[in-house]
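Asks: According to UniProt numbering, the stretch in the sequence shown is residues 6 to 518, in order.
Submitted below is the structure of interest, expressed as structure tokens.
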Amino acid sequence: AQQFGMTEALAQLGIKDINDGTSTGIQNFANGEILESYSPVDGQLIGKVRMSTPADYETAMKAATEAFKTFRLMPAPQRGEIVRQFGEKLRKNKEALGKLVSYEMGKSLQEGYGEVQEMIDICDFAVGLSRQLHGLTMHSERPGHRMYEQYHPLGVVGIISAFNFPVAVWSWNTALAWIAGDVCIWKPSEKTPLCGIACQNIIAEVIKENNLPEGISCLINGDYKIGELMTADTRIPLVSATGSTRMGKIVAQAVAGRLGKSLLELGGNNAIIVTPDADVKMTVIGAVFGAVGTAGQRCTSTRRLIIHESMYDKVKDAIVSAYKQLRIGNPLDQNNHVGPLIDTDAVALYQKALEQVVAEGGKILVEGGVLSGEGYESGCYVKPAIAEADNSFRIVQHETFAPVLYLLKYSGDVENAIALQNGVAQGLSSAIMTNNLREAERFLSVAGSDCGIANVNIGTSGAEIGGAFGGEKETGGGRESGSDAWKIYMRRQTNTINYTTNLPLAQGIKFDL
Ligand code: UN1
Numbered sequence: 006a007q008q009f010g011m012t013e014a015l016a017q018l019g020i021k022d023i024n025d026g027t028s029t030g031i032q033n034f035a036n037g038e039i040l041e042s043y044s045p046v047d048g049q050l051i052g053k054v055r056m057s058t059p060a061d062y063e064t065a066m067k068a069a070t071e072a073f074k075t076f077r078l079m080p081a082p083q084r085g086e087i088v089r090q091f092g093e094k095l096r097k098n099k100e101a102l103g104k105l106v107s108y109e110m111g112k113s114l115q116e117g118y119g120e121v122q123e124m125i126d127i128c129d130f131a132v133g134l135s136r137q138l139h140g141l142t143m144h145s146e147r148p149g150h151r152m153y154e155q156y157h158p159l160g161v162v163g164i165i166s167a168f169n170f171p172v173a174v175w176s177w178n179t180a181l182a183w184i185a186g187d188v189c190i191w192k193p194s195e196k197t198p199l200c201g202i203a204c205q206n207i208i209a210e211v212i213k214e215n216n217l218p219e220g221i222s223c224l225i226n227g228d229y230k231i232g233e234l235m236t237a238d239t240r241i242p243l244v245s246a247t248g249s250t251r252m253g254k255i256v257a258q259a260v261a262g263r264l265g266k267s268l269l270e271l272g273g274n275n276a277i278i279v280t281p282d283a284d285v286k287m288t289v290i291g292a293v294f295g296a297v298g299t300a301g302q303r304c305t306s307t308r309r310l311i312i313h314e315s316m317y318d319k320v321k322d323a324i325v326s327a328y329k330q331l332r333i334g335n336p337l338d339q340n341n342h343v344g345p346l347i348d349t350d351a352v353a354l355y356q357k358a359l360e361q362v363v364a365e366g367g368k369i370l371v372e373g374g375v376l377s378g379e380g381y382e383s384g385c386y387v388k389p390a391i392a393e394a395d396n397s398f399r400i401v402q403h404e405t406f407a408p409v410l411y412l413l414k415y416s417g418d419v420e421n422a423i424a425l426q427n428g429v430a431q432g433l434s435s436a437i438m439t440n441n442l443r444e445a446e447r448f449l450s451v452a453g454s455d456c457g458i459a460n461v462n463i464g465t466s467g468a469e470i471g472g473a474f475g476g477e478k479e480t481g482g483g484r485e486s487g488s489d490a491w492k493i494y495m496r497r498q499t500n501t502i503n504y505t506t507n508l509p510l511a512q513g514i515k516f517d518l
């Protein structure tokens, strides 16, 4: 990847200096074993970092707890100013960080830049919010009493993020947590540790320039064992975790066991309903980007197309011919549409899914397969595949994190399509392609999509940060990013103040002494 300016990008992000595996950058909560990061793009070693030991975790926790004591006292708009400066630095580093995301994770360069743009957007959003952490006032039932509510900082927020959005999901959490007055401890995916270090280096600069305690943002690299320390730790009132449903269930139980709060953003099994009134051209663009973008490794990736029988052949032919145009290869080369999967384990799961759909009676429409030869040395490049399937197939019910798209047919009313769309365990994103107002409104109605995200004439992936992001059922119920998602990062307090010389009781209760 030398020719794409990776060396300069790594140097700019401060990754070059950690290449001997002796530190994790600016902070030093890392004295454990060495973790090597290999790129799925070319199979090359990008860098080595040290993982955090349980003792390092303790040091980080102490730094965070100490930092919280002062950071919470800083007025929220001033915390917003810190986040504004962070956003400014992200703008300066957009190209370098986008490249690193593309190289370490494997998504296309455009999507790497898009991910950094999401970080910038959430910073801007959080800056505005820092002056809008509004509570309500209520009219007390008692004379001479005033009632209101206020939001206070919560404490140390634990963030466990996934490889597929190695930088943006962290920032969705931190930008809100910081303006809320919280401090953060982050465990990035062990598949993308360098993205973690790059982000930490950027925020550490801001922290230093403002003479703030470094514990506002702590990075701990490591595997699930470090994650377990976080979920069990009563000093962490909120754990925000993104990843598989399997992981989310473990996190949720551990955190609930100590009555902590968790914010979960887990698997999706997202569908686009294509009705008789759909615009075929828009459907094809939305479906293809949704299915092959990030090589099918977004939690919002389109996994199912539920097509009305009257449109079925037309849409099928259009999608199959669009797949023929796809160029698979080095994601840093902007001529390519599809990059590699994250690692060879993911490739094996992809292959298993294709075998299983056939075994269950599905029909392959666009042949998959692992690519080999020049440019594909990492063994992580696969062909996006399409299969005709049935919603009841076990494999269709399962989220395979790879570019495998299932075509399902429905007949009759849009209600039948909605039933199929809702007929899975996950509930993240959903979409309908239609120009029929009645169908669109039914899809959005109480009896419509059961997902956290429901779109009309847009695909399932690529949500903006301004809305609350997350989903229902096995997706975990959490909401991150925009709207009022900030509230989970704060504790709400209801205050009643009596400015009289009497002490009347609520509910009119008499108690005379
Ligand atoms: C994820 O895959 O975990 O809506 C997040 C999208 C992106 C975020 C995806 N903005 O596809």
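The beta carbon of each residue, even a glycine, is placed where N, CA and C say it ideally should be.
None of the values given here were measured: they were computed from a predicted structure.
In this structure, how does DSSP classify ILE184 when only helix, strand and coil are distinguished?
Replies: helix
Asks: Does DSSP put LYS478 in a helix, a strand or coil?
Replies: Judged by DSSP in its simplified three-state form, LYS478 adopts strand.
Asks: What does the alpha-carbon distance come out to for the pair GLY483 and LEU268?
Replies: Each residue's Cα considered, the two are about 5 Å apart.
Asks: Quick test of the definition: if touching needs 3 or more C-beta pairs under 8 Å, does the stretch 109-118 touch the stretch 296-305?
Replies: Touching, yes.
Asks: Can you find the residues in the same chain that come closer than 7 Å, C-beta to C-beta, to GLY117, ignoring five residues on each side of it along the sequence?
Replies: GLY103, LYS104, VAL106, SER107
Asks: Who are the Cβ neighbours of VAL289 in its own chain at under 8 Å, not counting the five residues just before and after it?
Replies: VAL320, ALA323, ILE324, ALA327
Asks: Sort out for me which residues DSSP pairs GLY432 with in a bridge.
Replies: According to DSSP, GLY432 bridges with GLU477.
Asks: Run through DSSP, which three-state label would MET56 get?
Replies: coil
Asks: Quick one: what's got a C-beta closer than 8 Å to ASP47's C-beta in the same chain, skipping five residues either side?
Replies: ALA6, ASN335, GLU382, SER383
Asks: Which two residues bound the contiguous alpha helix (DSSP H) that contains TYR355?
Replies: 349-364
Asks: Excluding the 5 residues flanking ILE463 on each side, which residues of the same chain have their C-beta closer than 8 Å to its C-beta?
Replies: GLY291, ALA436
Asks: What's the call for PHE516, buried or exposed, on a 16-neighbour Cβ count within 10 Å?
Replies: Exposed.
Asks: Just checking my contact of ALA407 with VAL401 at CB under 8 Å: how many whole Å lie between their CB atoms?
Replies: So it is not a contact: roughly 14 Å between Cβ atoms.
Asks: On the three-state DSSP scale, how would you describe SER400?
Replies: Looking at the sequence itself, residue 400 is Ile, so the reference to Ser does not match. In this structure, ILE400 counts as helix in the three-state DSSP scheme.
Asks: Which runs of the alpha helix (DSSP H), 4 residues or longer, sit entirely within the stretch 178-245?
Replies: 198-214, 229-237
Asks: With H, G and I counted as helix, E and B as strand and the rest as coil, what does DSSP make of GLY163?
Replies: strand
Asks: Going by DSSP, name the residue or residues bridged to HIS139.
Replies: HIS139 is not bridged to any residue.
Asks: In the DSSP assignment, what residue or residues form a beta bridge with SER113?
Replies: Under the DSSP definition of a beta bridge, SER113 lacks any partner.
Asks: Quick test of your reading: VAL161 and ASP187, contact by CB under 8 Å. State the CB separation rounded to the nearest angstrom.
Replies: 7 Å
Asks: Rounded to whole angstroms, what's the CA-CA distance from GLN431 to GLY366? Just pull it up for me.
Replies: Roughly 23 Å separates the two Cα atoms.
Asks: Might you give, ordered along the chain, the residues of its own chain that have their beta carbon closer than 7 Å to the beta carbon of PRO281, omitting 5 neighbours on each side?
Replies: Taken in chain order, the residues that qualify are HIS313, SER315, MET316.
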